[in-house]
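Engineer: Below is a structure I'd like to ask you about.
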Amino acid sequence: MCRDLRIRTLIKIMKKSSKTILFFCSMMTLLLASCSDSIAPVYAGTTVQIIKAGNLIELETEFDRYNYDLNTLQDGVPPLILQSFPREIASLNSSKKKKNVFFKSLLPMILLANDEIRRERQILVDLDELSKMNGGDFADSDFHLLKTLAKRYGVKLNRKNPRQTLNKLLQRVDVIPTDLAMAQAANESAYGTSRFSLLANNLFGEWTFTPGAGIVPEGRPEGEIYEVRRFNTLLDSVRSYQKNLNTHSAYRTFRKLRAEARAADQKLSGKHLANGLLYYSTRREAYIKDLQSLIKQNRLERYAAATLRKG
């Protein structure tokens, strides 16, 4: 029903607007993504593959099958979703090997999740252009799409001034720098070896207050009900983390810094945007410095230009 409704909406848009077919393709991305936060990623490239590796040998075999090497990314990163980290990763003695497996597994999922957000952002850009073509007005079908994104990203819909809603969404609907996401995942999950990353696919330490929806942390104070959230796949954890940074009031500064970089036509720097995550951890400034140090020590900025493999 959800998809049928949006298909009808898209057809109306095409009838009412002279916008190119490219806009229709952008709308289809929203159609496929708007009914669930855990659907398969939609992008114009190689078929997404879900990997279920029982051990590190199986995982490396899968990487080899797709000719995937962190040192040769010029042909693009294969769209691989790792269901869960093999438990064996926690027993690796080599720090270099552990980091390589972790970052190699994580990079495709960060790119996939960012690709979804990038397509949603393009929808907003196209809606902005359509509105300007119509003298600043929003067609009913355009307004419906704006409403869908506003609901997903926690923005109050201003029916009298939809452009205000659109501008607020443009601050929220944007990618998370790859190097920053990698650094936070490494910090929060101890490079995929933490109890919560292995048992709950939770890479970013996210909580839930729904009993039974996660894992009770050891040493939780009496009377507290929070749990460490459980995810079906590692990609779901990445998606949730990105939505958290893009919507939670605690990360307004992060979004402000990102918007300022966009306005100045600057590249999004993980080290710079980390300054907006003061409230992600109770360690405050020390946490930010740790993230910036992780980015530098692991040379994570080299992955900023990485893209998904196209065909």
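If you're matching positions, the sequence shown starts at 0 in numbering that gives the first Met the number 0 and goes up one per residue.
Glycine residues also receive a C-beta, built at the ideal position from the N, C-alpha and C atoms.
Model, not experiment: these values are computed from the prediction.
1) If you draw a straight line from the C-alpha of Tyr-225 to the C-alpha of Arg-219, how long is it?
2) Between the stretch 131 to 147 and the stretch 159 to 166, can you find at least three pairs of beta-carbon atoms closer than 8 Å?
3) Enumerate in chain order the residues of its own chain whose CB-to-CB distance from Asn-133 is below 6 Å, with the five nearest sequence positions on each side excluded.
4) Give every residue of the same chain whose Cβ lies closer than 6 Å to the Cβ of Ser-188, excluding the five residues on either side of it in the sequence, and list them in chain order.
5) CA-CA distance, Arg-257 and Leu-272?
6) How far does the beta strand (DSSP E) with Glu-226 in it reach, from first residue to last?
7) Using the Cα positions of Ser-292 and Ile-49, report the straight-line distance between them to the nearest angstrom.
8) What's the gap between the Cα of Trp-206 and the Cα of Tyr-279?
9) Considering only the alpha carbon of each residue, which of Ser-94, Asp-178, Glu-61 lies closest to Gln-82?
10) In angstroms, rounded to a whole number, what distance separates the CA positions of Tyr-302 and Thr-177?
11) Apply the 10 Å Cβ neighbour rule to Ile-56 and answer buried if 16 or more other Cβ atoms are within range, or exposed otherwise.
12) Per the contact definition of three or more C-beta pairs closer than 8 Å, is the stretch 167 to 182 in contact with the stretch 243 to 255?
13) Glu-115: buried (16+ other C-beta within 10 angstroms of its C-beta) or exposed?
14) Use the C-beta contact count for Ser-130: other C-beta atoms within 10 angstroms, 16 or more gives buried, fewer gives exposed.
15) Name the one or two DSSP bridge partners that Gly-213 has.
16) DSSP three-state call for Gln-291: helix, strand or coil?
17) Work out the CA separation of Ala-185 and Arg-238 for me, nearest whole Å.
18) In three-state terms, what does DSSP make of Leu-198?
19) Restricting to Cα atoms, I'd like to know which of Arg-194, Asp-139, Val-227 is closest to Pro-210.
Structural biologist: Quick look at the numbers:
1) Position 226 of the sequence shown, counted from the first residue, corresponds to residue 225. Position 220 of the sequence shown, counted from the first residue, corresponds to residue 219. Whole-angstrom Cα-Cα distance: 8 Å.
2) yes
3) On the sequence shown, residue 133 is found 134 positions in, with the first residue counted as 1. Excluding sequence neighbours, Asn-133 sits near nothing in its chain.
4) Stepping through the sequence shown from its first residue, residue 188 is reached at position 189. Answer for Ser-188: Ser-196, Leu-202, listed in chain order.
5) Start at 1 with the first residue of the sequence shown, and residue 257 comes out as number 258. Start at 1 with the first residue of the sequence shown, and residue 272 comes out as number 273. In a straight line, the C-alpha of Arg-257 is about 7 Å away from that of Leu-272.
6) As a position in the sequence shown, residue 226 is number 227, starting the count at 1. Taken as a continuous stretch (DSSP letters only), the beta strand (DSSP E) holding Glu-226 covers 226 to 228.
7) What you label residue 292 is simply residue 293 of the sequence shown in a count that begins at 1. What you label residue 49 is simply residue 50 of the sequence shown in a count that begins at 1. So the two alpha carbons sit approximately 32 Å from each other.
8) Taking the sequence shown and counting its residues from 1, the one referred to as residue 206 is at position 207. Taking the sequence shown and counting its residues from 1, the one referred to as residue 279 is at position 280. When rounded, the distance between both Cα atoms is 12 Å.
9) Taking the sequence shown and counting its residues from 1, the one referred to as residue 82 is at position 83. Cα-wise, what sits closest to Gln-82 is Glu-61.
10) For the purposes of this step, residue 302 is taken as the residue at position 303 of the sequence shown. For the purposes of this step, residue 177 is taken as the residue at position 178 of the sequence shown. Each residue's alpha carbon lies about 7 Å from the other.
11) Mapped onto the sequence shown, residue 56 falls at position 57. Answer is exposed; the Cβ neighbour count stays below 16.
12) yes
13) Here the question's residue 115 lines up with position 116 in the sequence shown. Result: buried.
14) To locate residue 130, count along the sequence shown from 1; it is residue 131. It counts as buried.
15) Position 214 of the sequence shown holds residue 213. Partner(s): Arg-228.
16) In the sequence shown, residue 291 corresponds to position 292, counting from 1. Helix, per DSSP.
17) As a working note, residue 238 is residue 239 in the sequence shown. As a working note, residue 185 is residue 186 in the sequence shown. Rounded to the nearest angstrom, the two C-alpha atoms are 16 Å apart.
18) Residue 198 sits at position 199 when you count from the first residue of the sequence shown. Note: Leu-198 maps to helix in three-state DSSP.
19) The residue labelled residue 210 in the question sits at position 211 within the sequence shown. Ranking the options by Cα distance to Pro-210, first place goes to Val-227.
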